[in-house]
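Chains as they are written, first to last, in the numbering used here: chain F, 26 to 366; chain P, 2 to 438; chain U, 496 to 786.
Glycine included, every Cβ here is placed at the ideal spot set by N, Cα and C.
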Amino acid sequence: MTTQTVAAVRSDVHPAARTLAERHRPRAWEVVPWLAAIAFFFALPTHLGFGTELLITILFALSLDLVLGYAGIVTLGHAAFFGVGAYTVGMLAKYGIWSEPITGLLIAAAAAAVVGLGSGLVLLRTTGLTLLMLTLCTRALLEEAANLGHDWTGGFDGLDSVPIQPIFGIFEFNPLYLTTQYVYALVVLFVGFLIVRTIVYAPFGQSLTGIRENTLRMHAVGAPVNARLVTCYTISAAIAGVAGAVWAQANLYVNLSTLGLDRAATVLIILALGGYGRLYGAFIGAILYMVLSHYLAKAYPTAWQLGLGLLLMVIALCARNGMIGIVEPLLQRWRRVRSAP
Amino acid sequence: MPWVAWNNAGMAVARDTGGSRNMRRTSLYGKVQGRQGMKSRMLLLAVLVLVSGAAMAQEIKVGVILPFSGIGAEFGQQTERGINLYMKLNADRMKPYTFRLIKRDEKDASGASAKVVVQELLTQDKVDILLGWIYSPNAIATAAQVTAGKVPAIITNAGTAHITTLSPNYARVSFSMWHAGYAMGEAAATQLKAKTAVVGYSDFPPGKDSLNAFRTAFEASGGKVIDEIPMGGPAAVPDMTPFFQRAKEKQPDVLFVFVPAGDHATAVTRTYAALGMKEAGIKLIGPGDITQDNKLQAMGNAAVGLTTMHHYNADLDNAENQRFVAAWKQDYGADSVPDFMAVGGYDGMAAVVHVAHAQQGKITVEGAMTALKGWTFDSPRGPISIDPETRDIVMNEYLSEVVMQGGRLVQKSTSRIDAVKDPCKVLKIGPCANIPK
Amino acid sequence: MINGVDVIGMLLGGLAAGMVLFIVSVGLSVTMGLMGFANLAHGSFAMLGGYVIVLSMHRLGLGFVSALLLGFVVVALVSIPVERLLYRRLYRAAELDQVLFTIGLVFALSAAVTLLIGPENQQLVLPQVLQGQLDIGITRYRTYSLLLIVVGTLIAILLWLAFERTLIGAQIRAAVDNRRMAASLGINVDRLFTITFALGSGMAALGGGLGAEFLGLDPQYALKYLVYFLIVVAVGGLGRVSGVFSAALILGLMDFVLKKYLPKGGTLFIYVLTILLLLWRPQGLFGRAAR
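Following this line, the structure appears as structure tokens:
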């Protein structure tokens, strides 16, 4: 926003208008998650494997939030793009074609964007169950294809010992001590987050919300609905591809699980837990899910599945906006109580 | 203060039992009461410190990586039982070391969970030795970490042939797919007198290994493989009917099938029977995975006549196995049976104990690998050893047929091949050719 | 070379596989067409029915037919309170919430079964007369597959008759086509939903039991076959028995043929074909075009 527009938002403007105009400004508490991530690095140096996995999951969930939370496209196949990104980086490195990590991310993003664009153009003409089915089938298709091409993709066993060059030639990816991986993933997540945040608060993002809420009216208003949806889908695919690429680089390994239904369903659940359509839903959901799953699932795997299932049912019935939907009204009430005379 | 309370309690016990303070007490604390109290207490303290110190110096941390949840949970359970049974039957062989088993869930064959597990075992728990791996993809995925972590790793199941070439710290006590597959290929041609064969296999690396092994040996002995049918993945049991229908129409002498142990194997025998393939003159053969001991009885009549080549079945009649099976049934129920995964756990634990003794409790990776190379052991499956060149297992293979005996299905061994080395590495086929020292 | 016997063998095998899919999926198609509700947990009802049937045969010693009936009745009854108390609240909800709820239900039921019964696969032991082969003149074929074809066809005919010739069937068809209109005609749409849901779940239970021989039966059943059931329903068109029947048979046949002649890439073809078909006709082969 320029100074001109800021000057126009004066105290005589309706508070709602002011809120909308100032929505994009970073607030003080938004530094907290990043500080927490840095603190984690120093406080728990032996848990960096878990930490890296968490950061990658947050980035993946953010990309899904763009498509699901803001554009309203229900997809169970987002893992397709994650896998495309992972395999792109993995195969290029394994066969000695390209193993520089940062540019590898850009190549993976491009590959995933191509797949996203192609599938988006074709699939987004449908809605509802048909669209859900098509996303399911696309992911399954890619997984089958990867298995079929096992001579190149390693099939079920995957590609192991993928050689990735050290970042800037100095920071190595160590299979046991993941300090480089953690910092790398954190930086990538930060950049990805900035991109998503910018999109969400830009007019483009607003139009996505409009399309989600009332597609018919957006058509009537003259918004290029399909073009917007496809663009959003493509960008989201690119970000998911980057998340997959970071996964492959951090683990020095790729296999079919990057394309799996398990991964696609998990990221959807994470977003549901945290609250979709909100920027930080991905963060909250991912942290909640991964922490619970890492400790509970280790100890009581069947009880974990039961608990998760029940929790999902409760969220779908009562807490439509996940954790954010539960916490936010409480916070608002508390604020109101505090500011009440 | 608790010390005072204990003191008073001890005295109260002394009073209640009607003895004087210097009488022998039943409780440990009671023992150090009395005039000798101070000295005895110091002595006890000193002994405790010494013993705990010594125990800590001789406690070996073993990281156990097995599936404890999901569809692999039963395999993890069988292996764990084998490990526990070894520790129970050979408690005196294990002295003076204590072994702390740190068990972690490898969950599924995706590779990703196993990597996190191994990384944590190595960096957080700082284990001395690793043991386990049911799934080949997990062993493949964690090879780089095992090498970087500089600990010996003993594989109790994962059977893809080239796994031991991926890290110099891997030693395998279980099997390679080629052990059974190759031996079966030879036996099919020479003993079963088969000229043509169709191979059905689950489409993932152990399946392909099994196919290659069988085909190499069968065709080298004069037979011909007329069709190779991939039968879906290992994750879900497919409907075998179309695959077996296709095999039936080719009318081979034998149908060699490899599927993962468990539910796949049951589906194989039932489809074989339901399609009337035995009457059509097609013999069903395969590695022992298809007649896994704990699933055998449920297969019913359909399984009679199945011929398999494997390094272990619960009906082997050597002295070690009889002792093993008897102890198993005593601990886990008369209806329960051990299988090749249980033996993998048993022998794996034996290897761990051997390493502990060879290195006198202080395990280093070079010393451990040297100790493992050439190690011999009397296992329930017969005599085994670890090949010093490949770090893979050398063991007997038994050709067995399923017969009905006294209302139960029993695997009767018809012939035995001694001291089989992994043919994939002997013949240097494909990735088996690069063996790090 | 493909000769006549081979073709017949293929037809029979494919039809049998298709029949199982049909019996399980018909309930899903009707409930989805009626309520517009994406019920991904339908496979769980099939799983529950399968478990009731198999376990009652093992532990209670019931005969095959009695077990099937028991499975149908039990699951149908159990589904009534589930629909009344839980599903009903989500009829007007966003699609995502419906998806989340049903996925949650799948997880909860899978875990419950694992905890109560165990993670292993359950074996269905067929009565002796159904095992083995039957001579049908031209060739010998697996008895059980032949039975499935007969049973499936009977069920299809019965359902079609019920939909086309009974009052309730007409009411259901009316409500599928235009719910508001049907309600304004005085049809008790809520009660219709419950009846349909119960029937659909009962059919799924039947399918789960009958199909256990081919599809197996374990706690992960619903997740494993989710995509298949959805494909049948999406391709067949929502709310049409004839649509589901045709789609299921086509899918069953294709799956069988592909597994036999192209075992390496078979499933790939199914996905490609489904995608192409849904793009060409998003409402499915027999469904009504979008309102």
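Inter-residue distance for P200(F) and A145(P) is about 7 Å (C-alpha atoms, whole angstroms). When DSSP states are grouped into helix, strand and coil, R303(F) belongs to the coil group. In the three-state reduction of the DSSP assignment, F308(F) falls in the helix class, which pools H, G and I. Inter-segment contact for the segment 182 to 194 of chain F and the segment 112 to 125 of chain F is present: three or more beta-carbon pairs are separated by less than 8 Å. Per DSSP, the beta-bridge partners of T99(P) are E60(P). Contact between the segment 351 to 358 of chain P and the segment 325 to 338 of chain P is absent: fewer than three C-beta pairs spanning the two stretches fall below 8 Å. Less than 8 Å separates the beta-carbon of Y171(P) from that of A154(P). Exposure of R686(U) is indicated by the presence of fewer than 16 other C-beta atoms within 10 angstroms of its C-beta. Straight-line measurement puts the Cα of P169(P) at about 7 Å from the Cα of T148(P).
At a beta-carbon threshold of 9 Å, none of the residues of chain P lie near Y120(F); the nearest stands roughly 16 Å away. Contact annotation: A742(U) and L619(U) have beta-carbon atoms that are not nearer than 8 Å. Around M396(P), the same chain offers H312, R382, G383, I385 and V421 as residues with beta carbons nearer than 7 Å, after the five sequence neighbours per side are excluded.
Around the Cβ of I770(U), a 10 Å sphere holds 16 or more other Cβ atoms; the residue is buried.
Among the residues of chain U, those whose CB is under 7 Å from the CB of P243(P) are G508, F751, K754 and K755, following chain order.
The secondary-structure analysis by DSSP pairs R409(P) across a beta bridge with Q406(P).
S380(P) counts as buried, since at least 16 other C-beta atoms from the protein chains shown sit within 10 angstroms of its C-beta. Cβ proximity to chain U below 7 Å picks out I230, P231, M232, A237, V238, D240, T242, P243, F244, Q246, R247 and E250 from the segment 226 to 258 of chain P. The beta carbon of E398(P) lies closer than 8 Å to those of H180, A181, A184, M310, H311, H312, R417, I418 and V421 in the same chain, with the five residues before and after it left out. For a Cβ distance threshold of 8 Å, residue set G71, I72, A74 and E75 of chain P lies close to P614(U), ordered along the chain. For F325(P), no beta strand (DSSP E) run applies; the uninterrupted alpha helix (DSSP H) run containing it begins and ends at A320 to Y333, by DSSP.
Of all residues in the segment 60 to 87 of chain F, those with a C-beta nearer than 8 Å to a C-beta of chain P are T71, H72, G74, F75 and E78, reading in chain order. DSSP, read as helix, strand or coil, puts L317(P) in coil. By the neighbour-count criterion, in which a residue is buried when 16 or more other Cβ atoms sit within 10 angstroms of its Cβ, Q274(F) is buried. Close CB contacts of D318(P) within its chain, under the 6 Å cut and outside five residues either way in sequence, are absent.
Along the length of the segment 226 to 294 of chain P, whole beta strand (DSSP E) runs at least 3 residues long occupy 255 to 259 and 284 to 288, reported in chain order.
In this structure, DSSP gives E398(P) an extended state, which the three-state scheme calls strand. In the three-state scheme derived from DSSP, where H, G and I count as helix and E and B as strand, H49(F) is classed as coil.
DSSP places P384(P) in the uninterrupted beta strand (DSSP E) bounded by G383 to I387. Your pair M278(P) and V260(P) does not check out as a contact, with CB atoms roughly 16 Å apart and the cut at 8 Å.
In this structure, the straight-line span from the alpha carbon of N251(F) to that of I220(F) is close to 21 Å. Proximity of K116(P) to chain F, defined by a Cβ-Cβ separation below 8 Å, is satisfied.
N172, G180, F181, D182, G183, D185 and S186: these are the residues of the segment 159 to 192 of chain F whose beta carbon lies less than 8 Å from some beta carbon of chain P, given in chain order. Residues of the segment 754 to 780 of chain U with a Cβ closer than 8 Å to any Cβ of chain P, in chain order: K754, K755, Y756, P758 and K759. Secondary structure of F532(U) (DSSP, three-state): coil. In the displayed model, R635(U) falls within a strand according to three-state DSSP.
Within the same chain, no Cβ atom closer than 6 Å to the Cβ of Y202(F) is found once the five residues on either side in sequence are excluded.
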